[in-house]
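Here's the structure we're looking at; comments come further down.
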Amino acid sequence: MTKILLINPRFSAFNVDTDAELESLPVGLICLGSFLVSKGFAVKIVDCLAITDYLEVIQRELESCLCAGISVMTSQVPEALKISHLIREQKPNIPIVWGGIHPTLFPEETAIDPFVDYVVRGEGEVTFLELIEALQKNSDPQQIEGLTYFTNNHKISNAERQFVNMDDLPPINWGLLDASILNRIKLVPAHTSRGCSHRCTFCINSVTRNHWRGRSAQRGLDELEIIKRRFGDTRVRFWDEDFFGKKTRALEM
9 MTKILLINPR
19 FSAFNVDTDA
29 ELESLPVGLI
39 CLGSFLVSKG
49 FAVKIVDCLA
59 ITDYLEVIQR
69 ELESCLCAGI
79 SVMTSQVPEA
89 LKISHLIREQ
99 KPNIPIVWGG
109 IHPTLFPEET
119 AIDPFVDYVV
129 RGEGEVTFLE
139 LIEALQKNSD
149 PQQIEGLTYF
159 TNNHKISNAE
169 RQFVNMDDLP
179 PINWGLLDAS
189 ILNRIKLVPA
199 HTSRGCSHRC
209 TFCINSVTRN
219 HWRGRSAQRG
229 LDELEIIKRR
239 FGDTRVRFWD
249 EDFFGKKTRA
259 LEM
């Protein structure tokens, strides 16, 4: 089974003595990993906020993986570059893919870096899946929507990817994270919707035009049932930009 390595770098001001990892999980990467597992891939997530020896773990996990995906916010760029350098030194033939908010806002500036092979813009599930399928077949990714990269100093920036239907995504696969992390988490994320109907100028949705989309009420409840079985009585954080984006759905849940 083909293995994909997904990495959540530390933030530049992160203090290893804080409890930040107990209040947050890399929900975007977990959703991406859950989707890839549902498509038949093996996935290893390295959450650098949750462990101290993350560089050693990354080095070990590079063995036999098809590519490495790194989720990057702007304050994670220094750590993400350090990790990209490590991957290139250890396994120069493994493609390095950046996704997340920073590459989405600055795709060309990110893709031109010699330690970044591809940039996935916006939501990553389908774009990343099509990219790794192309890498498996050694085929040209030039028609993959949502992808930016450089080849022979020539920029390729493909058409925008349409937003996914939330009910087409599998529930979060909690087995992707180590039990040692899950057993100490204080807030468990439930991911029932994406996007927002409003266009506040300070928000990334005003750039990406990410409209509100939610799982059906039943699918949202199914997600909560999974959390209940795995974590028991615990606090849940709805990892939605606007949980109440559709009033009837919220009331039904």
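Numbering-wise, the sequence shown is residues 9 to 261 according to the working numbering.
Cβ atoms here follow ideal geometry from the backbone N, Cα and C, with glycine treated the same way.
Small disclaimer: the values here were computed from a predicted structure and weren't measured.
- [ ] Counting only the same chain and skipping the five closest in sequence on each side, list residues whose C-beta sits under 8 Å from that of Ile109.
- [x] So the qualifying residues of the chain are Val80, Met81, Thr82 and Ile212.
Open item on the list: Taking the beta strand (DSSP E) that His162 belongs to, which residues open and close that run?
Closed with: Start and end: His162 to Ser165.
- [ ] Look up Gly41 in the DSSP assignment and say whether it is helix, strand or coil.
- [x] Reduced to three states, the DSSP call for Gly41 is helix.
TODO: Kindly indicate the opening and closing residues of the alpha helix (DSSP H) around Asn213.
DONE: Boundaries of the alpha helix (DSSP H) harbouring Asn213: Asn213 to Thr216, taken from the DSSP string.
Open item on the list: Among the candidates Tyr126, Asn181, Glu249 and Gln170, whose CA atom is the shortest distance from the CA of Leu232?
Closed with: It is Asn181 whose Cα lies nearest to the Cα of Leu232.
- [ ] May I ask you to report which of helix, strand or coil DSSP gives Phe171?
- [x] Residue state, collapsed to three classes: coil.
Open item on the list: Given this structure, state the Cα-to-Cα distance separating Lys99 from Glu260, to the nearest angstrom.
Closed with: Between the alpha carbons of Lys99 and Glu260 lies a distance of about 50 Å.
Task: Beta-carbon gap between Thr10 and Phe49 smaller than 7 Å - done: Yes, these two residues count as a Cβ contact at 7 Å.
Open item on the list: Suppose you measure from the CA of His93 to the CA of Asn101; what does that come to, to the nearest Å?
Closed with: Taking the straight line joining both Cα atoms gives about 13 Å.
Open item on the list: Only counting the same chain, and skipping five residues up and downstream in sequence, which positions put a Cβ closer than 7 Å to that of Val215?
Closed with: Close CB contacts of Val215 within its chain, under the 7 Å cut and outside five residues either way in sequence, are with Leu113 (chain order).
TODO: My understanding is that Asp61 touches Ile189, with C-beta atoms under 8 Å, so please give their C-beta distance in whole angstroms.
DONE: Not really, about 14 Å apart at Cβ, beyond 8 Å.
TODO: In the DSSP assignment, find the unbroken alpha helix (DSSP H) run with Val85 in it and report its ends.
DONE: Val85 to Gln98 is the extent of the alpha helix (DSSP H) around Val85.
Open item on the list: Could you check whether Arg202 and Arg217 sit closer than 7 Å to each other, using their CB atoms as the reference points?
Closed with: No, Cβ-Cβ distance for Arg217 and Arg202 is not below 7 Å.
Task: Member of Phe252, Pro179, Gln226 and Asp248 whose CA lies at the smallest distance from the CA of Arg238 - done: Nearest of Phe252, Pro179, Gln226 and Asp248 to Arg238, Cα basis: Pro179.
Task: Given Ser20 as reference, the closest of Pro86, Asp248, Ala119 and Ala76 once Cα atoms are compared - done: Nearest in C-alpha terms to Ser20, of all of Pro86, Asp248, Ala119 and Ala76, is Pro86.
Task: 3 or more residues per run - each beta strand (DSSP E) lying fully within the segment 203 to 255 - done: Contiguous beta strand (DSSP E) elements confined to the segment 203 to 255 occur at 243 to 246, taking only those with 3 or more residues.
TODO: For Arg223, count neighbouring C-beta atoms within 10 Å of its own C-beta (all shown protein chains included) and say buried if the count is 16 or more, exposed if not.
DONE: That one is buried.
Open item on the list: Distance check for Pro122 and Ser72, CA to CA, integer angstroms please.
Closed with: Ser72 and Pro122 have their C-alpha atoms roughly 22 Å apart.
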